[in-house]
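Numbering-wise (my numbering), the sequence shown opens with residue 237 and increments by one. Encoded as structure tokens, the structure appears first; notes follow it.
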Amino acid sequence: MERAEILKEIKERINAIINNREWWCPVCQRYMPVEPLIEVDKEKRVVSAKLYCQRCDQFLDILHFYM
């Protein structure tokens with residue numbers, strides 16, 4: 237499988253996980269939708285998705301996917 241296809245598949249998985257879900261934000265004191273910041277570490281072959289509150293940009297969680 238080509239690297240671009242793998243990244244596309246991982247991004248689809250990330251979106252499937254965060255769609256229709258909310259994370260607890262300690263700053264907003266409620267469950268909030270999140271905005272992912274996706275980083276690719278080609279050396280370690282890991283894609284990390286850091287999840288931030290859409291309202292206040294508080295870091296909430298991180299997801300790791302291995303290529």
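Note that the Cβ used here is the ideal one computed from N, Cα and C, for glycine as well.
- Ser-284 versus Pro-262, Lys-244, Phe-301 and Cys-261, residue with shortest Cα-Cα distance: Among Pro-262, Lys-244, Phe-301 and Cys-261, the Cα nearest to that of Ser-284 is on Phe-301.
- Delimiting residues of the beta strand (DSSP E) encompassing Arg-281: Neither: Arg-281 is in no beta strand (DSSP E) and is coded neither H nor E.
- Give a yes or no on whether the C-beta atoms belonging to Cys-289 and Val-270 are separated by under 9 Å. The answer is yes: Cβ separation under 9 Å.
- Task: Would you mind sorting Leu-273 into buried or exposed? The rule is 16 or more other CB atoms within 10 Å of its CB.
- Result: Counting every other CB atom within 10 Å of its CB across the protein chains shown gives Leu-273 a total below 16, marking it as exposed.
- Per DSSP, what kind of secondary structure is Glu-248 in: helix, strand or coil? Under the three-state reduction of DSSP output, Glu-248 falls in the helix class.
- Cβ atoms of Trp-259 and Leu-287: under 9 Å apart, would you say? A contact, by the Cβ cut-off of 9 Å.
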